[in-house]
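Participant: My numbering puts the first residue of the sequence shown at 857, with every later residue one more than the last.
All residues carry an ideal CB built from backbone N, CA and C; glycine is no exception.
One structure follows; several queries about it will come next.
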Amino acid sequence: MRKRFAELAIGLGLIGFAIMVLPGLALLFAYLALVLGSLSFLRAGLRPASLSARSVATAIFLTSAMVWPLAKPMDLDTPQTEAAVDSRVIGVIQAVHDAQVNYVVENGYFDSLECLLQASCIPGTPYPPRYLSADVLRSTQTTGYRYQLIAGPRAHPRAGAPVSPTATTSYAMVATPLADDKASRSFCGDATGHIYFRQDGNAPLVEGGRCVDRERQVR
């Protein structure tokens, strides 16, 4: 039985090396080779007299262990599908909208990204709460999109109430592809909570802090 495990592990290990150009399959075969190599190694260890079996099992275990770390990074670096990228971009716009909703409930107006990130924008409030996670902005660096928050009309402060200098009555969050790739879509989300897209990838039109291109709605 241990010979079968060893032979199977050898085959899977070699296949793993041969198909390194296909990271997902290489990772799968490397994993199976690692498991079977371990089993053959343990079974051989139960019979000390079988020196050749232990030697083969050890070689297979080390070979599969070498394939695993080589295949794993390649699998992680596999390019994302267009649908996955779109989902991440939409997630960023939605996160900004959720932060703006909480902000307007607390302060009565919308504001810039810096203010949502806990910047001291309102006079007399040196330590404001954080409405938007910094992880959201960090994630924008890996989506291949340019993001811009476009402010609407200036918000007028209530009598005697301190107000942020960047307070607005509306906003629009726009995402456009960094690459000149007309196959990628562009997106626009505003205070209505709806997110729209343009199939041609051009920058969506915005007027008064509201998305103008509303023919194609994501949500």
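Is it the case that the Cβ atoms of L1005 and Y983 are separated by a distance below 7 Å?
Facilitator: Contact: no.
Participant: Do G1008 and G1064 count as a contact pair if the criterion is CB distance below 7 Å?
Facilitator: In this structure, G1008 lies closer than 7 Å to G1064 by Cβ.
Participant: Count the other C-beta atoms from every protein chain shown that fall within 10 angstroms of the C-beta of L1034, then say buried if there are 16 or more, exposed otherwise.
Facilitator: exposed
Participant: Which stretch, first to last residue, makes up the alpha helix (DSSP H) that contains Q1073?
Facilitator: Neither: Q1073 is in no alpha helix (DSSP H) and is coded neither H nor E.
Participant: Check this for me: beta carbons of Y965 and A1031, under 7 Å apart or not?
Facilitator: no
Participant: Can you give me the start and stop residues for the beta strand (DSSP E) that A1007 sits inside?
Facilitator: 1001–1007
Participant: For A1028, does the three-state DSSP call read helix, strand or coil?
Facilitator: strand
Participant: If the criterion is Cβ atoms closer than 7 Å, does the pair R1054 and S1040 meet it?
Facilitator: No; because the gap between Cβ atoms is not below 7 Å, this pair is not in contact.
Participant: Cα separation between T981 and V961?
Facilitator: A direct Cα-to-Cα measurement between T981 and V961 gives close to 16 Å.
Participant: Is the distance from the Cβ of Q974 to the Cβ of R986 below 7 Å?
Facilitator: Closer than 7 Å, so yes.
Participant: Which whole-angstrom value is the C-beta distance of T1022 and D967, which I expect to be below 8 Å?
Facilitator: 6 Å
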